[in-house]
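Before any comments, here is the structure.
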Amino acid sequence: MGGMPQREVVVAGVGLHPFGRFPEKPVEDMTRQAVVEALKDAGVSYQQIQAGYFGHVYYHGMSMGEGILRGLGLTGIPIFNVENACSSSSTAFEMAFWAVAAGVYDLVLTFGAEKVPRGPVSVSAANSPQRLLGTDHMMASYALRARRYMEEFGAPVEAFAHVAEKAHRNATMNPYAQYQKVFTLEEILNSRMIADPLTLYQCCPTSDGASAAVVCAREAASRYSIDTGRLVTIAGVALQTSDYEDRKGEHLIAARTSRESYEMAGIGPEDVDVVQVHDAATNAGIFQLEGLGLVERGKGWQLELEGGTEIDGRIPTNTDGGLQAMGHPLGATGIRMLHELVTQLRGEAGARQVRDAHVGIAENSGAGEVCTVIILKK
Amino acid sequence: MTEETVSKRIPVVKNLKLLGDGTQGVLMGIVCKSCGEYSVGSPAFCPKCSSDELEEVELSKEGILRTYTVIYVPPPGWNGDVPYTLGQVTLPEGPDVLTEVIDCPREEIKIGMKMELVVRVAGKDDEGNEIVVHKWRPVR
């Protein structure tokens, strides 16, 4: 579907504001903190940045990206505000990638942020008829797929709960995570039922948070005195939306999108060392591994129960805690996933480091539907 | 002038057509004259082939339960029972319709069940008209 990049593009720096609830802190301040961290990580100054690509969902006023970056200096650069549901910042990241790949810019900033209101997330407008039908329920759409998967493939509900249990265990090693404590399988399964079979601790929390990445042309990195030893190559990017075949909701979209991304990267699922998937509900943490071709359709639940997705497993997944434990500030999540991949590929993940991690893949889903798949390599 | 004081029954979505006195209903859809695909609602273009040569049709009132979930924490705006069951039903024409399942104890619901479409009053609008919604019920 997409074209091929004209030149190699790399991630030069990443930054995060911790995910959680920060009622006293304006979202602009949180975002600037993540941006400054990414600039420092890359070793560049804001004055050198040639464009900004910002992903967010909720309305915090017009031209929010401009409002955030204004606090770092008035340099007159183009700033693009991108909304693509939960895939907003991975979408912004891909736009930044293509602008650099095409030679429009050499050094750009891409970032995402959100303060999500408490309570269930709705897709429709407040006066929409779906409200009387009771069908506009984000977790219900995951639960419907979970129930169907259990019927088709004999998966037990424990397999889904295991996704949350693992995520929380991983997050105890991550100071940026919203929840940094262990939850037992029993606690997860016995928590309040939200949409059967999904209990509260199988639905990701809503959160405040911000993420940022500095994206650069490899050939330009030394000109900016960036440490080339820490650069991570953006090997594949793809973004697709629902096609007619997806209408029954079986996550075929991730399969299509990842095929395109693998093709650009010139690799296959067998080459992947570390994985990020959009586990907004636990069952998606399994389905999306199947969509990425990392495990056969219908067998992901066995892989999960056998420990295959652990940090020391065959397919280390959501090593930072994923949406389940990191939390989900919608517009910040896409680049948060890339932050973890970059950290892992650089070998800087400390206690949660995956051994010999050279290739990472991130799948970010959004309502619409939208799916982005980004492959990073070092 | 007496008719105007009588409350009317209004369907919740445009593609729910009420029949007779409004206690029965049928979902309307389109069939594409170009590719033969059926769709729920009244899209201006066929979602499969983008043709605009479409014919309005009444969709089947029965279908097969593809999947379901029981909702314990309802979304904003829901004024029905809690918990309630949502059922995704595949019509013989192909498309799925997601709405509440009623008259079915939770321990009896099973994927593959045959369901039929019924209508119920879900609430009133500001003028006192009754808003009618469609629901699934197991075929006995």
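Chains as they are written, first to last, in this note's numbering: chain E, 1 to 378; chain H, 379 to 518. Here a beta-carbon is modelled for each residue, glycine too, at the ideal position from N, C-alpha and C.
Item	Value
Contact with chain H by T31/E, beta-carbon distance below 8 Å	no
Span separating the alpha-carbon of M138/E from that of F111/E	25 Å
Short CB-CB distance (under 8 Å) between E381/H and chain E	Its pLDDT being 49, under 50, E381/H is placed unreliably in this model, and the value from its coordinates should be taken loosely. So, not an interface residue.
Under 8 Å from the C-beta of R256/E: neighbouring residues of chain A	This model lacks chain A altogether; the protein chains it does include are E and H.
Close-in-space but distant-in-sequence residues of the same chain around E381/H (CB under 7 Å, 5 per side omitted)	Legend: pLDDT at E381/H = 49, less than 50; position of this residue unreliable, no value from coordinates given.
Bridge-paired residues (DSSP) for S417/H	I408/H
Neighbour flag for K299/E against chain H, beta carbons, 8 Å	no
Unbroken beta strand (DSSP E) run spanning L396/H, endpoints	L394 to L397
Cβ pair count under 8 Å reaching 3, the region 82 to 99 of chain E against the region 329 to 340 of chain E	yes
Separation of N457/H from F97/E, as counted between CA atoms	46 Å
K25/E versus A171/E - alpha carbon distance	23 Å
Extent of the continuous beta strand (DSSP E) to which G351/H belongs	As shown, chain H starts at 379 and ends at 518. That puts residue 351/H outside it, with no answer to give.
Enclosing alpha helix (DSSP H) for W301/E [first to last residue]	G300 to L305
Outcome for M264/E when other beta-carbon atoms lying within 10 angstroms are tallied against a minimum of 16	buried
Where E381/H falls: helix, strand or coil (DSSP)	Here E381/H scores only 49 on pLDDT, less than 50, and its place in the model is too uncertain to base an answer on.
Every unbroken alpha helix (DSSP H) inside the region 319 to 350 of chain E [4 residues or more]	322 to 326 and 330 to 345
DSSP three-state assignment for Y53/E, whether helix, strand or coil	strand
Nearest candidate by alpha-carbon position, reference V409/H, set G403/H, S417/H and Q402/H	S417/H
Extent of the continuous alpha helix (DSSP H) to which Y149/E belongs	M138 to F153
Where the region 446 to 477 of chain H meets chain E: residues whose CB sits under 7 Å from a CB there	Y446, T447, V448, I449, Y450, V451, P452, P453, P454, G455, W456, G458, Y462, L464, Q466, D474, L476 and T477
DSSP three-state assignment for A280/E, whether helix, strand or coil	coil
Inter-residue Cα distance where the pair is M379/H and R484/H	Because the pLDDT at M379/H is just 44, under 50, the model does not fix this residue reliably, and the value given afterwards should be weighed accordingly. If I take the Cα positions, the gap works out to 47 Å.
For L476/H, the residue or residues it bridges with in DSSP	Q466/H
Other residues of its chain near S63/E: CB distance less than 7 Å, five sequence neighbours each side excluded	N81
Residue interval of the beta strand (DSSP E) (run including K115/E)	L107 to K115
Distance CB(T241/E)-CB(V370/E) smaller than 8 Å	yes
Residues near E37/E in its chain [Cβ-Cβ closer than 6 Å; skip 5 each side]	G15
Distance between beta carbons of I77/E and G52/E, contact taken as under 8 Å	6 Å
Beta-carbon proximity check, G300/E vs L289/E, cutoff 8 Å	yes
Test item: CB-CB of G43/E and D227/E under 8 Å	yes
Reduced DSSP secondary structure (H/G/I, E/B, other) of H162/E	helix
V475/H to S88/E span [Cα, whole Å]	29 Å
The region 179 to 198 of chain E touching the region 4 to 15 of chain E, judged by at least three CB pairs closer than 8 Å	no
Coil, strand or helix - R218/E by DSSP	helix
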